[in-house]
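Asker:
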Amino acid sequence: MFLFLLAFLDRINIGNARLQGLEKDLGMEGHDYNIALFIFFIPYILFEVPSNLVLRKVPPSWWLSGIMFLWGIITICQGVTQSFGGLVACRFLLGVFEAGFMPGCIYLIAMYYKRHELQWRLNVFFSASILAGAVSGLLAYAIAKMDGVAGYSGWRWIFIIEGLATVAAAIAAKFLIVDWPEQSTFLNDQERALLIQRLSEDRGEAQMNRFDKPAIKRTFTDIKLYLGPIMYFGIVNTGYATSFFTPTILKQLGWTSVRAQVMSIPIYLVATVIALATAFASDRLRHRFAFTITGCIIATIGYVLLLCQSSVPVGARYFALYAITGGGYMTQPILMGWLSNNMAGHYKQSIASAMQIGFGNCGGLVASNVFFDSEAPTYVTGFGVSLGMVWICGVACVVFFAYLHRENRIREQGKRDHRYQWAQEELENLGDDHPSFRFTY
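Set out below in structure tokens:
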């Protein structure tokens, strides 16, 4: 959780650096800030699936700590760059090295818990990204006081100090991150055997331990593999848009830069509580779908308020940020657990997790390009597009739910039982296509 907090912090701290003079010092103008945000997502999207495939071959303790160390170095470099071009290069490399961390962690966590134990653990992990929004504002407020130390502006120290913290954490992470259950050293032989038995009972006969041609075809023709990224694409904008632009929006409500930083903190603290409460209820009820739609509705209320902000008081606009962030973070981590729950087999699960987060983060590309300075403070395009994206997520969730419900009904009727007649070698590698597997919703 702490490591992911640092990951998200290093990704969004550019929003705080902007308030402290980043653009002026680097001679940025026009859409330069949006370009700096945009460039991060290109490698971040492209490298997620390859990273998770590497993770199947390299111990997580080495791979995850290694890429963390490298993006920590790049974060420091952002603090010493002297030009806009240098900032863009750093943002690109940051995307390369951060790409594999989140899907890798989610995949690793999913390997230790049964399906209806998973959501709570994922949300505890994911809440780090929410808290990063609060911590980012708090740290930026404190670090900005170093303005002028060693001749560096306050915004440079934001990158340098947070980058140094990441490098230090990465070194420690090599000894703290656990490897796969079969290789875990913190469990004795009896505990390891019990863990593997519990997971096997939960998944039943649904396995995919060979990624041969039939398995590749089965994986990439599965509609769930594509609905997962579409759902995530629609909702991820609520997190990125608020992370990148909340400090600026709050400042435009008439508050000073310092007060804007501080007033962003409660927004993320409330969202953290909502995310954890949702996860607890979701696991207890063994249900995901209703929570995803509820989050979309809450976020919709927030966007509608901001689209009508010329006729609503400042307090309502401030509340809107709570609704967008809280609703978004009610839905976003649930989507990751929901897809993971319904993908069986090591390879298929790793690819699904990486594709959902990787291609789903195209929503971040949108978030970084629809908030135009010329439209400040109303940001009609940004809020309008974001509202539309929320319901791309909502519709995709309905389709996903309907597909899972229909497929379970077909299997209950025995219409997939003919697969039991297939060769044993193929039957043992069907993953969630095995006729005994039941989907959760």
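Quick note on numbering: the sequence shown equals residues -17 to -1, 1 to 424 in mature numbering (1 follows the signal peptide of the UniProt record, and there is no 0).
We treat Cβ as the ideally placed atom computed from N, Cα and C, and that holds for glycine.
Identify the continuous alpha helix (DSSP H) that holds Thr185 and give its terminal residues.
Answerer: At residue 185 the sequence reads Asp, which differs from the Thr that was named. Asp185 -> alpha helix (DSSP H) spans Asp172 to Arg186.
Asker: Determine the contact status of Ala153 and Phe(-14), defining contact as a CB-CB distance below 9 Å.
Answerer: no
Asker: Output needed for Ala115: all residues of its chain with C-beta closer than 7 Å, excluding positions within five of it in sequence on either side, in chain order.
Answerer: Leu(-13), Phe(-10), Leu(-9) and Ile(-6)
Asker: Nearest-angstrom Cα distance between residue 427 and Leu413?
Answerer: Missing from the structure shown is residue 427; the chain here goes from -17 to 424 and no further.
Asker: Terminal residues of the continuous alpha helix (DSSP H) containing Ala262?
Answerer: Ile248 to Leu268
Asker: Since Cys376 is in the alpha helix (DSSP H), which residue starts that stretch and which ends it?
Answerer: Val363 to Glu395
Asker: For Thr149 and Met51, which I take to be in contact (beta-carbon distance under 8 Å), what is that distance rounded to the nearest angstrom?
Answerer: 6 Å
Asker: Given a cut-off of 9 Å, decide if Phe366 and Asn17 are closer than it, judged by their beta-carbon atoms.
Answerer: Not closer than 9 Å, so no.
Asker: Using a threshold of 9 Å, state whether the C-beta atoms of Gly222 and Tyr27 are closer than that.
Answerer: No, the pair does not count as a contact, with Cβ atoms beyond the cut-off.
Asker: Quick one: using the 10 Å Cβ neighbour count with 16 as the cut-off for buried, is Ile59 buried or exposed?
Answerer: buried
Asker: Given this structure, state the Cα-to-Cα distance separating Ile317 from Cys380, to the nearest angstrom.
Answerer: Each residue's alpha carbon lies about 11 Å from the other.
Asker: In this structure, how does DSSP classify Cys60 when only helix, strand and coil are distinguished?
Answerer: helix
Asker: Is the CB-CB distance between Gly217 and Trp374 below 9 Å?
Answerer: Contact: yes.
Asker: Ile92 and Phe108 look like a contact to me (Cβ under 8 Å); what is the Cβ gap, rounded to whole Å?
Answerer: 6 Å
Asker: Whose C-alpha, out of Arg98, Val349 and Leu236, is nearest the C-alpha of Gln292?
Answerer: Leu236
Asker: First and last residue of the alpha helix (DSSP H) that includes Gly69?
Answerer: Phe67 to Glu81
Asker: In chain order, which alpha helix (DSSP H) runs of at least 4 residues are fully inside the region 285 to 340?
Answerer: If we require 4 residues or more, the alpha helix (DSSP H) runs fully inside the region 285 to 340 come out as 297 to 324.
Asker: May I have the straight-line CA-CA distance separating His329 from Leu233, to the nearest angstrom?
Answerer: 44 Å
Asker: Between the C-alpha atoms of Pro197 and Asp416, what's the straight-line distance to the nearest angstrom?
Answerer: 12 Å
Asker: Can you have a look at Val219 and say buried or exposed, based on whether 16 or more other CB atoms are within 10 angstroms of its CB?
Answerer: buried
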